[in-house]
Structure formats: C-alpha cells, structure tokens
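Every number in full-length UniProt numbering is 7 more than the matching position in the sequence shown, counting from 1.
Everything below concerns the one structure shown next.
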Amino acid sequence: PVPAGGVDGARLPLRPELADEAPYGAPQLDVPVALNVNENPYAPSEEVVTTISRYVAEATRGLNRYPDRDFADLRSDLADYLALESGVRVAPEQVWAANGSNEVMLHLLQAFGGPGRTALSFAPTYSMYPEYARDTHTRWVTGRRATDFTLDVDHAVATIEEVRPSVILLASPNNPTGTALPLATVEAVLDAAARVEVPDAPEHDGRRAGAVVVVDEAYAEFRRPGTPSALELLAAHPHLAVSRTMSKAFGAAGLRLGYLAASSALVDALRVVRLPYHLSAVTQAAARGALAHHAELRAQVRDLRDDRDALVAWLRAQTVDGRPLQVADSDANFVLFGTFGDRHAVWQQLLDRGVLIRETGPDGWLRVSVGTPAENAAFRDALTEVVAAAP
Ligand code: PMP
C-alpha cells in the first residue's frame, strides 16, 4: 500500500504499476529465535573477523580513489572458490558479482528482459522474481511445479515453447520448497530455451537467439551428497547463468555479495547495464577476507546439513489433526512443512513463544530456517506446544 501521506499526498508521478506496491521484505522483528530468512545462524569467528578487518583496513587506505570497476581480484577468488566447491573451473572473466544475488538477478533482467519481453519461472518459487520483472518492465509469467514441488519436464518445455521467454529463472534448491532440480531437467530446459526464438532478439544465421536460463543456486552448498550443481553444464551452454550468494552458506548476509558464473559473452552483457563502480572497495575487500576462510565454512555447512536432515525427520514424525505433517524434501538450509488449516495462527503462536518463522509458500504451509541446535530445539518445543494446544 502507498505510505500514509506519501505518494498520493505529495502528488508524485509514480508509475501506475507501482501504485499499490509495498516494499518487499520479511518482518525484521527483535525476537529470541529468528528462523525466518534462511540466514546462517553462526556469526563469523574471531579469526574471520580479524582477516576481514585486515583486508578492509587495507582498502580504506585507498578510499579516495574509485574501486576496481571490474573487481578482478574478487572474481579470481570467487572462481577459485567455485572450483573447490563444485569441481568446475571457470575463468575469472566468466564470473560476475553485485550487491547480493538480488542485484545480480536485476542485472540479468536489465540485460535480457525489458519491454515486450517475458521472464518465466515455475511457482511456487522465490517471491522477489516478479519484482525484478516489474522493475525492468518485463512481462512475468509462471508455470507450475508438481505437487511434490519438482518440475515436470514436459510442462516446462511446453510452457517455454508457448511463452517464448527471453529469461527463464529456475531456483535450485528452490525457495521456499528446498527442492533441487536434477541436471537432466535443467538440460531439457536449456535445450528448449535454445530452440525458441525470442521475437525481438538479434538474428544469427537466419535464426533469432533463444532464452537465457538462470539457475539460482543461492542455497547450493546445502545440497545433499550426489546432487550436482548446474555449474557442470556451463561449458556446453553459453546461454546458462548459475548464480550464487555469500548470504547463506557463507554466513555473510550483511555483506551483500552475490555472484554468478556464465559464458564470458553473457558476463560482458551484464557489464553494460551495471552502475559504474557498483561494488564498493569495502565490499570487495570484505568478501575476499571472508572467502579466504572457506575451509572452516565447509565444516559448518556440514553441521547445518545434518541438523536440517534431523529437523526434516522430526517434523515427519509429528501429527496434526491425526495426520502426519507433510514435509518437503530439502537440499537447502530451511524446511517447508504443513499443512495447517490456519497457518497464520500457527505462525503467530510460535512468535508468541519467541520463535519467528516464515509464512510463505502454498496455502497452509510454513517455512523454518535451520538454526543452531539450541534454536532448533526452541522451535521444536514451541511447535509441540502449539500443535498440542490446537482445538
Ligand atoms: N535467490 C533465492 C532463491 C533466495 O532465497 C535469496 C534470498 N532469500 C536470494 C536469491 C537473494 O539473496 P541475496 O541477495 O542475499 O544474495
């Protein structure tokens, strides 16, 4: 809704499609147990704090100058990290970064969306995608995921052929469901995307270009063993971008650093739309400091994965109204569970007990992030009470 005394009162020429829009964001409440935005519950260790401080202090000495516009050192560190994490080696020119993967995604829509073009995704999925589309005047279309939140290949391919999007967004693991896509599904989408012709795309050899496919791997580090990353498909698919973030597994949501890997041609297109010097020298330095500690991060991610699996198992053993709870398989650091006749009441009663989770996803479902063992226990205790107290 328009802020009171704001847009209308000031008689501003707001774009009509923004008139009823509220700023995006989950409630930022001061609660004992915050399990609502899929953060890493562990603050940086003292060693990490010391390294980041050292890198930032060094950057501070040059703050009278603009930062490296192309952040060469950071791109090279990110490429090294991706090689260690996934076994896929990309060149620094194939890496792009911005202030959170939100901004990376906006760059993608700025370069490949736009008036007269369509972005396609499959719901339920990340609720920010339609906002990137709106803000870049791109038409927004969603197909659907199956009832178990996987993606049916025939439906995906048929929708791509019908809609002829210029950008396809696939979150894997998906938010809010936690579902990872098999590589065969991503490949089928990549093939369909290459086959369609985007109506106003440039022609090469008598054919117009197809769609760009973005696999949003914000939660990739939490995937279960045996689940591969779409990074493995990069070499054969110049129209693929795989985005990642330091906000989740890396425990640096406050840093605002998201990035992607793609062909260098795709990355070059993003360089055209970015603001000059969009990544501050402080951000670049802090990110490099955090990346230097990737090894200890990996141990922490292993613990979070185990705690996630334990939370899934516990939730599956609960009954509500005589029925076992439904719990989506999760390759992420959160779990979607339900269904509740009145999910808002459950959410509120958990909050009354100091536990903040997220009211999101299809009707009746709730999402909880994996916290520390003590936070997970507080959630389990609170949910047990709430369910027992239900009429
Ligand atoms: N993609 C997905 C699927 C997400 O859930 C989020 C954060 N909730 C993001 C991207 C954006 O994260 P950030 O901008 O912090 O990198």
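The beta-carbon is built from N, C-alpha and C at its ideal position, and this holds for glycine as well.
- Residue burial annotation: T367 is buried, with at least 16 other C-beta atoms found within 10 angstroms of its C-beta.
- DSSP places A395 in the helix class (H, G or I) of the three-state scheme.
- L373 is not a Cβ neighbour of F341, given a cutoff of 8 angstroms.
- With respect to the 8 angstroms criterion, L332 and L42 are not classified as neighbours on the basis of their beta carbons.
- With a cut-off of 8 angstroms on Cβ pairs, the stretch 217-225 is in contact with the stretch 173-192, counting three or more such pairs.
- Judged by DSSP secondary structure, I364 falls outside any alpha helix (DSSP H); it is assigned neither H nor E.
- Sorting A335, R312, H162, S83 by C-alpha distance to the C-alpha of R323 places A335 at the top.
- Taking every residue with its beta carbon within less than 5 angstroms of a heavy atom belonging to ligand 1 gives, in chain order, G107, S108, N109, Y133, A178, N182, D223, A225, T252, S254, G265.
- Secondary structure of S179 (DSSP, three-state): coil.
- The beta carbons of L158 and L277 sit no closer together than 8 angstroms.
- Beta-bridge annotation (DSSP): A324 is not paired with any residue.
- In this structure, DSSP gives A126 an extended state, which the three-state scheme calls strand.
- As a beta-bridge residue in DSSP terms, Q333 pairs with G345.
- Inter-residue distance for T234 and R251 is about 16 angstroms (C-alpha atoms, whole angstroms).
- 8 angstroms or more divides the Cβ of L267 from the Cβ of W147.
- Going by beta carbons, Y49 and G258 fall inside the 8 angstroms limit.
- With contacts defined by Cβ atoms closer than 8 angstroms, Q35 and V274 do not form a contacting pair.
- In this structure, the alpha-carbon of T67 lies about 16 angstroms from that of Y284.
- In the three-state reduction of the DSSP assignment, H144 falls in the coil class.
- Contact annotation: I59 and A297 have beta-carbon atoms nearer than 8 angstroms.
- Residues A389 of the same chain have their beta carbon placed closer than 6 angstroms to that of R360, with the five preceding and five following residues left out of the count.
- Apart from sequence neighbours up to five positions away, the residues of its chain that approach G69 with a beta-carbon distance below 7 angstroms are A288, ordered along the chain.
- Counting every other CB atom within 10 Å of its CB across the protein chains shown gives D161 a total below 16, marking it as exposed.
- For G296, the secondary structure class from DSSP, reduced to helix, strand or coil, is helix.
- According to DSSP, residue pairing for H285 in a beta bridge does not occur.
- CA-to-CA, the gap between A105 and T326 works out to about 44 angstroms.
- For V375, the closest of R22, A26, N45, Y31 by C-alpha to C-alpha distance is N45.
- Here L238 is buried, its C-beta having at least 16 other C-beta atoms within 10 Å.
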